[in-house]
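Trainee: In my numbering, the protein residues as written are 411 to 596.
Provided herewith is a single structure, encoded as structure tokens, for subsequent inquiry.
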Amino acid sequence: MLTYSPQSCPCISLAHHSSMEDESKELQLLSSAQYSAASSSQALFWPSDSSTKFRSMDDHFEDPSLDLQLSISVSPLKPAADRVRRRKVKDYKDETLESNRVEALRWQAAEHARLAAMESAYAERVKELTRKEMEIAQSEFARARYMCERAREEVEKAEKMKAMACKQIDSTCREITCQCCRRKFS
Numbered sequence: 411m412l413t414y415s416p417q418s419c420p421c422i423s424l425a426h427h428s429s430m431e432d433e434s435k436e437l438q439l440l441s442s443a444q445y446s447a448a449s450s451s452q453a454l455f456w457p458s459d460s461s462t463k464f465r466s467m468d469d470h471f472e473d474p475s476l477d478l479q480l481s482i483s484v485s486p487l488k489p490a491a492d493r494v495r496r497r498k499v500k501d502y503k504d505e506t507l508e509s510n511r512v513e514a515l516r517w518q519a520a521e522h523a524r525l526a527a528m529e530s531a532y533a534e535r536v537k538e539l540t541r542k543e544m545e546i547a548q549s550e551f552a553r554a555r556y557m558c559e560r561a562r563e564e565v566e567k568a569e570k571m572k573a574m575a576c577k578q579i580d581s582t583c584r585e586i587t588c589q590c591c592r593r594k595f596s
């Protein structure tokens with residue numbers, strides 16, 4: 411949050427508050443000349459004369475009464491000394507690096523477990539489909555065997571009918587006689 415507030419002293423202040431770190435930062439531009447009254451400071455910074463409105467920016471910086479000093483103050487909240495654990499920056503970096511490695515290994519292990527579970531589910535699905543295909547193939551093989559047996563029975567039946575037909579033709583041929591000579595064919 412940036413705020414602009416002219417105070418009783420001739421200064422311009424900007425305050426910045428960070429909610430994450432609870433730090434307050436302040437930037438002030440202070441005039442080198444000390445002024446006692448607020449009205450005189452306002453007259454210097456906010457002139458009401460129309461002739462001063464159109465002055466160039468260079469004129470403001472050349473004016474010796476506006477010799478400004480820059481003051482920056484940062485005041486972070488300091489925790490109690492007994493709560494602060496001192497450690498080296500290198501240890502912190504090593505710990506962070508190590509925790510990143512551990513986190514990466516955990517993620518990699520979780521990813522391997524997820525892939526293994528997916529492969530296991532896929533293998534189980536393939537196994538189930540293979541089992542169904544085997545059952546279908548066995549039922550088709552049984553049906554083909556039944557059809558083969560039926561065809562064999564039909565062939566045997568046809569051969570028996572052929573044999574019976576040959577016998578009947580044979581006996582019919584024996585009964586045929588010639589009308590001229592009355593002789594029987596055998």
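Ideal Cβ placement from N, Cα and C applies to all residues, glycine included.
Predicted model only: the values in this text are computed from it and were never measured.
#1: What three-state label does DSSP hand C558 in the structure shown?
#2: Assign C576 to one of three DSSP states: helix, strand, or coil.
#3: With DSSP as the reference, label Q518 as helix, strand or coil.
#4: Alpha carbon to alpha carbon, how far is A552 from A523? Give it in angstroms, no decimals.
#5: Can you give the Cα-Cα distance for K542 and A520, rounded to whole angstroms?
Mentor: The relevant details are as follows:
#1: helix
#2: helix
#3: helix
#4: 43 Å
#5: 33 Å
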